[in-house]
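For the record, the sequence lines run as chains A and B. For what it's worth, full-length UniProt numbering labels the leading residue of the first sequence as 1, then goes sequentially. For what it's worth, full-length UniProt numbering labels the leading residue of the second sequence as 1, then goes sequentially. The beta-carbon is built from N, C-alpha and C at its ideal position, and this holds for glycine as well.
Number of protein chains: 2
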Amino acid sequence: MPSSPRSIAEVPARSDATDSPSFSPLYAQIKALITAKLQSGEWKAGDLIPSELDLAKRFGVSQGTVRKAIDEMAAENLLVRRQGRGTFVATHAEQKVQYRFLRLMPDEGSESLERQLLDCRRQRATTAIARALQMRTGDAMVEVRRLLSSKGVPVVLDDIWLPGDLFKGLTTERLNLHRGPFYGLFEREFGVQMIRAEEKIRAVAADEASAQLLQVPVGAPLLSVERLSFTYGDKAVELRRGLYSTTSHFYRNELN
Amino acid sequence: MPSSPRSIAEVPARSDATDSPSFSPLYAQIKALITAKLQSGEWKAGDLIPSELDLAKRFGVSQGTVRKAIDEMAAENLLVRRQGRGTFVATHAEQKVQYRFLRLMPDEGSESLERQLLDCRRQRATTAIARALQMRTGDAMVEVRRLLSSKGVPVVLDDIWLPGDLFKGLTTERLNLHRGPFYGLFEREFGVQMIRAEEKIRAVAADEASAQLLQVPVGAPLLSVERLSFTYGDKAVELRRGLYSTTSHFYRNELN
DNA sequence: AAGTGGTCTAGACCACTCT
DNA sequence: GAGTGGTCTAGACCACTTG
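As structure tokens, this is what we get:
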């Protein structure tokens with residue numbers, strides 16, 4: 001048994017130097033290999049991935065090392081472990097909580113939200129949106145507008161911008177056919193997985209258009225939630241601007 | 001060596017049954033023991049705790065089991081590991097980021113915030129505040145009001161409510177003497193550690209008093225951030241209501 | 001040099017799920 | 001019963017910090 005296997009099968013050997021300038025532990029390399037499988041689409045959202053023992057044999061490392069890699073990826077919500085069954089690729093589709101990234105909670109009760117698609121069109125990216133999505137001004141882009149309501153009362157007005165090249169064939173009908181969160185559709189139909197997001201939240205006054213759609217007075221305070229979502233490799237693939245009416249709902253956050 | 005040590009030294013033996021109704025792994029029991037040391041104040045914020053090997057001997061388990069317990073507590077920000085030095089109790093005092101729980105970011109730059117104490121008085125708890133802090137209406141309570149400014153421009157107006165019994169002797173002078181975040185003072189002077197918090201965020205219109213202090217027009221949209229902070233054992237020990245002016249700052253959140 | 005946490009291995013047994 | 005992840009152990013060596 002080699003006593004210092006600093007590199008693993010299937011991957012170009014890394015320097016074994018003791019003075020390695022950027023030391024990368026084996027389990028981190030395993031993480032990278034697994035992430036590559038996810039990114040390439042070899043293992044899709046919801047799939048069962050090979051067992052720890054299997055992966056350990058493939059990669060030529062111990063089960064413990066694979067375990068550590070998977071542990072971290074489970075902590076990052078990339079994988080889901082289920083005792084006795086196996087390890088699965090995380091998905092937005094078949095989840096307990098319908099909207100994994102939506103932090104809005106009702107003051108009372110726990111009713112689900114009704115979705116209403118207002119618009120879906122292909123546009124050319126403005127400079128601001130292009131910058132956020134790491135595209136060029138004028139590149140193809142899909143723009144979606146939708147409303148979420150609770151018991152018939154509008155609560156969230158979302159504007160969503162997507163890179164056109166990744167979402168070819170995204171149409172109003174296709175969005176209307178689909179049930180559940182957009183992110184489920186995105187991963188199933190377009191192979192785009194949202195794994196992480198950053199939100200910038202502000203308080204703003206409702207303009208006329210928003211006020212009408214959300215059925216609040218012009219100038220009413222609204223929560224503006226600007227969300228940038230990323231897929232594997234920290235690639236930004238969605239920009240979203242939500243206006244939340246917070247009279248009977250609030251944005252919930254947990255700090256640690 | 002006993003082959004199935006389902007309970008550990010220093011702690012009442014747990015049932016060793018295979019049909020245990022609520023199976024609790026050894027490392028979870030270690031976590032509980034360490035947490036007890038923190039809660040009792042035996043290990044204080046910033047302290048170096050005993051080494052893994054030391055703890056393993058004390059508790060009669062392997063180093064790996066202690067490691068797993070500490071790993072989880074480090075992930076929960078209760079402990080901080082430093083290779084070559086040891087493991088320390090997390091603290092709000094000597095931190096890189098001054099305000100660990102403040103998610104407000106400037107649109108540009110990264111200037112620090114100036115603090116201005118407006119008021120500090122002992123009151124009797126109202127029903128609403130008593131409920132949040134798990135006290136009885138009329139119990140002793142400390143109420144603090146302060147302003148945070150950026151380059152002289154008011155940004156945050158905070159109202160803070162604390163249980164009177166935990167914060168005996170908290171006065172305006174003592175707050176003014178102190179530098180840095182309140183949470184550093186709280187843990188050093190009162191032995192109260194904030195380890196977790198929940199925030200409810202809404203958009204509201206500025207009333208007259210708030211508008212004047214924050215130097216915004218009456219009715220201007222403000223972010224209302226209601227924070228309930230907890231110490232060990234999920235005991236609520238602070239209620240805070242912040243009004244954030246979000247014209248040149250925003251509330252930043254990361255979703256996973 | 002000594003002590004700490006960090007990585008890696010090998011093997012045992014337990015808890016859970018499915019067939 | 002077979003296979004999965006979950007726990008626990010023991011021991012080796014590495015990387016980092018401090019005296």
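query, result
"Contacts of Lys201 (chain B) in chain A (Cβ-Cβ under 8 angstroms)", "Checking the displayed sequence, the identity of residue 201 (chain B) turns out to be Ile instead of Lys. Neighbours of Ile201 (chain B) on chain A, chain order: Ile201, Leu223, Thr246, Phe250, Tyr251, Arg252, Asn253."
"Neighbourhood of Arg146 (chain B) by C-beta distance below 7 angstroms, restricted to the same chain and skipping five residues each side", "Arg115, Gln116, Leu117, Leu118, Asp158"
"Burial state of Ala211 (chain B) (16 or more Cβ within 10 Å)", "buried"
"Residues bridged to Ser104 (chain B) [DSSP beta-bridge criterion]", "What sits at residue 104 (chain B) in the sequence shown is Leu, not Ser. Leu104 (chain B) is bridged to B:Tyr251."
"Chain A contacts made by the stretch 78-108 of chain B, where a contact means CB separation under 7 angstroms", "Phe101"
"Interface flag, Thr18 (chain A) vs chain B, CB-CB below 8 angstroms", "Low per-residue confidence applies at Thr18 (chain A): pLDDT is 39, beneath 50, and the placement is therefore not dependable, though the value from the model is reported in the following sentence. No, Thr18 (chain A) does not count as interfacial toward chain B."
"Chain B contact residues for Glu238 (chain A), given Cβ-Cβ distances below 7 angstroms", "Here the premise fails: no neighbours, minimum Cβ distance about 12 angstroms."
"Which listed residue (A:Val144, A:His249, A:Pro106, A:Leu113) has its alpha carbon closest to that of Arg121 (chain A)", "A:Val144"
"Bridge-paired residues (DSSP) for Thr231 (chain A)", "A:Lys235"
"Per-residue burial, Val199 (chain B) [other beta carbons within 10 Å of its own, 16 or more giving buried]", "The sequence shown places Glu at residue 199 (chain B), not Val. Label assigned to Glu199 (chain B): buried."
"Contact belief for Pro181 (chain A) with Ser245 (chain A) at Cβ below 8 angstroms, rounded distance in angstroms", "Actually they are not in contact, since the Cβ atoms of Pro181 (chain A) and Ser245 (chain A) sit about 20 angstroms apart, beyond 8 angstroms."
"Beta carbon proximity, Arg241 (chain A) to chain B, threshold 8 angstroms", "no"
"Nearest-angstrom beta carbon gap, Tyr183 (chain B) and His92 (chain B) [assumed within contact, 8 angstroms]", "4 angstroms"
"Unbroken alpha helix (DSSP H) run spanning Glu72 (chain B), endpoints", "63-75"
"Spatial distance of Arg136 (chain A) from Glu187 (chain B) (CA atoms)", "50 angstroms"
"Reduced DSSP secondary structure (H/G/I, E/B, other) of Gly184 (chain A)", "helix"
"DSSP-derived helix/strand/coil call for Glu198 (chain A)", "strand"
"Exposure label - Arg227 (chain B); buried when at least 16 CB within 10 Å", "buried"
"Beta carbon proximity, Glu187 (chain A) to chain B, threshold 8 angstroms", "no"
"Endpoints, alpha helix (DSSP H) assigned at Thr91 (chain A)", "From DSSP, Thr91 (chain A) is part of no alpha helix (DSSP H); its letter is neither H nor E."
"Boundaries of the alpha helix (DSSP H) in which Leu214 (chain B) is found, first to last residue", "208-214"
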